[in-house]
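I have placed the structure first, in the form of structure tokens, so that the comments after it can refer back to it.
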């Protein structure tokens, strides 16, 4: 087993689980041949590397060849030191993850963040397949994304292209909606993520009502006639519409595909295009806002596609 082409391992790493999906390459298509999920070794880096080595070795056996590896990781890699930052896996923080895996695996390796892998999966065979450009906007526990042109992920010189969740929220909107300036774990203040994500929606509700509710319960309350819950949804929609309008003006994608937990909320697809349009100037059209084709299953697939993109560059 010496070949790296004709097969790819895609790995999606989360705080509680690691999922590997192995694909064989059949023409331009990838066909799934093997899938395995294990618990994430949360605190022991050596155990993490050993677990990854075992997963990939078993994937090689299932495929019948040594395949290139793509990995979707939460957080970012410091462009100066190569160390992993802001990961929800404590064992990885501050570590040379890419270098250590490369030494252990001895094969082509591509690493992107989980949001970028989501976008790439939706750009190739997903909701935005065949479009000249698309933006995959994750709105879940946090807010992040990825930008693809002609089905290829554009990562930027620091590898952080698409991190729209850490753009600042407009001061005019903070004042209009009488919202405080929230601190962000990234070290800055007022990042969009703190307002438009799932926890952000809950935080908006808490600010106005001094009570805790999940996004799903806020939606349910609004549907039952709660004016307090409906006000939270209206404010959240306005903030999200403004954020995505800025993205449209900056990148002008042909479509926006939503991902993450809030992508399950039906009212976003019904109301978000108009909310975006209200923050655009005349003559600029709102792109379609689409639900994901693969949802949570797209992370490993996108990682495999990233490995193929890197190997064919």
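Numbering (my numbering), first residue to last: 19 to 331.
Glycine included, C-beta positions come from ideal geometry on N, C-alpha and C.
{"Check": "Backbone CA spacing between residue 318 and residue 139 [nearest angstrom]", "Outcome": "9 angstroms"}
{"Check": "Residue 29 classed as buried or exposed, judged by whether at least 16 other C-beta atoms fall within 10 angstroms", "Outcome": "buried"}
{"Check": "Supposed contact pair residue 316 and residue 144 - C-beta distance, whole angstroms, cut 8 angstroms", "Outcome": "7 angstroms"}
{"Check": "Meets three-Cβ-pair contact criterion under 8 angstroms: the region 145-153 and the region 108-127", "Outcome": "no"}
{"Check": "Neighbourhood of residue 260 by C-beta distance below 7 angstroms, restricted to the same chain and skipping five residues each side", "Outcome": "188, 191, 297"}
{"Check": "Backbone CA spacing between residue 264 and residue 183 [nearest angstrom]", "Outcome": "12 angstroms"}
{"Check": "Cα-Cα separation, residue 185 to residue 120", "Outcome": "32 angstroms"}
{"Check": "Euclidean distance between Cα positions of residue 71 and residue 132", "Outcome": "20 angstroms"}
{"Check": "Residue 56 versus residue 33 - alpha carbon distance", "Outcome": "11 angstroms"}
{"Check": "Through-space distance from residue 99 to residue 306, alpha-carbon basis", "Outcome": "39 angstroms"}
{"Check": "Whole-number beta carbon distance between residue 258 and residue 293, since they are thought to touch under 8 angstroms", "Outcome": "7 angstroms"}
{"Check": "Opposing strand residues paired with residue 308 [DSSP bridges]", "Outcome": "275"}
{"Check": "Nearest-angstrom Cα separation, counted from residue 331 out to residue 384", "Outcome": "Any question about residue 384 goes unanswered here, given that the chain covers just 19 to 331."}
{"Check": "Cβ-Cβ distance between residue 229 and residue 239 below 8 angstroms", "Outcome": "no"}
{"Check": "Beta-carbon proximity of residue 280 to residue 216, cut-off 8 angstroms", "Outcome": "yes"}
{"Check": "Residue 392, enclosing alpha helix (DSSP H) - first and last residue", "Outcome": "Nothing about residue 392 can be reported from this structure: the residues present for the chain run from 19 to 331 only."}
{"Check": "Minimum C-alpha distance to residue 50 - residue among 40, 271, 276", "Outcome": "40"}
{"Check": "Integer-rounded CB distance, given that residue 180 should sit under 8 angstroms from residue 137", "Outcome": "7 angstroms"}
{"Check": "Whole-angstrom distance between residue 275 and residue 170, CA atom to CA atom", "Outcome": "15 angstroms"}
{"Check": "C-beta contact flag for residue 36 and residue 69 at 8 angstroms", "Outcome": "yes"}
{"Check": "Closest Cα partner of residue 290 within the set 273, 301, 300", "Outcome": "273"}
{"Check": "In DSSP terms, what residue 40 is bridged to", "Outcome": "27, 52"}
{"Check": "Pair within 8 angstroms by beta-carbon distance, residue 48 and residue 87", "Outcome": "no"}
{"Check": "Beta-carbon proximity list for residue 295, same chain, < 7 angstroms, skipping 5 on both sides", "Outcome": "304"}
{"Check": "Euclidean distance between Cα positions of residue 142 and residue 220", "Outcome": "33 angstroms"}
{"Check": "Among 27, 103, 195, nearest to residue 256 - alpha-carbon criterion", "Outcome": "195"}
{"Check": "Bridge partners - residue 151, DSSP secondary structure assignment", "Outcome": "167"}
{"Check": "With 16 other Cβ atoms within 10 Å as the buried cut-off, status of residue 103", "Outcome": "exposed"}
{"Check": "Selected residue, minimal CA-CA separation from residue 197, among 204, 212, 177", "Outcome": "212"}
{"Check": "Residue 216, DSSP secondary structure in three states", "Outcome": "helix"}
{"Check": "Residue span of the alpha helix (DSSP H) that contains residue 265, given as start and end", "Outcome": "245-269"}
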